[in-house]
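For the sequence shown, my numbering gives the first residue as 18, with consecutive numbering after it.
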Amino acid sequence: MRILTWAIRLALFILLLAFAAKNTDPVALRFFFDAAWQPPLVALLLAFFAGGALLGLLVAAALLLRQRRELQRLRRELGRGEARAVPAVPVPPSPAEG
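Printed below as a string of C-alpha cells:
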C-alpha cells in the first residue's frame, strides 16, 4: 500500500511539473493606477496556491486554538463539579419491591 501511495504521489508530481513547464508564458497582472506586473503563469498560480494554503492554515489554527480553550474551560468546570459533588446516598427499596 505504501508503494502505491508513493507511485501516485510521483505520478502527480510529474504531471504538475509538466504543467508548470508548459505554462511559462508571461501573464499581465494589472493593478490600480496603471501598474502592471508580468510574471510567468506558473509563478502566479503557485503564489495564489501558497496564499490560499496559508490562509487555510491560519483559519484552521484559529479554530484549533478556540477548541483548546473551550476544552480547558470544560475540564476546569468538570474538576470544580467533582469537588462539589455530594456522595450518593443509597435509596431504600420501595415497599412494592420487597
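Backbone N, C-alpha and C define an ideal beta-carbon position, used for all residues, glycine too.
- A Cβ-Cβ separation of about 16 Å leaves leucine 71 out of contact with leucine 61 under the 8 Å criterion.
- Annotation: the continuous alpha helix (DSSP H) that includes phenylalanine 36 extends over 19-39.
- In this structure, DSSP gives alanine 79 a helical state, which the three-state scheme calls helix.
- By the CB criterion at 9 Å, leucine 63 and valine 44 fall outside the cutoff.
- Straight across, the Cα-Cα distance linking leucine 81 with leucine 75 is about 10 Å.
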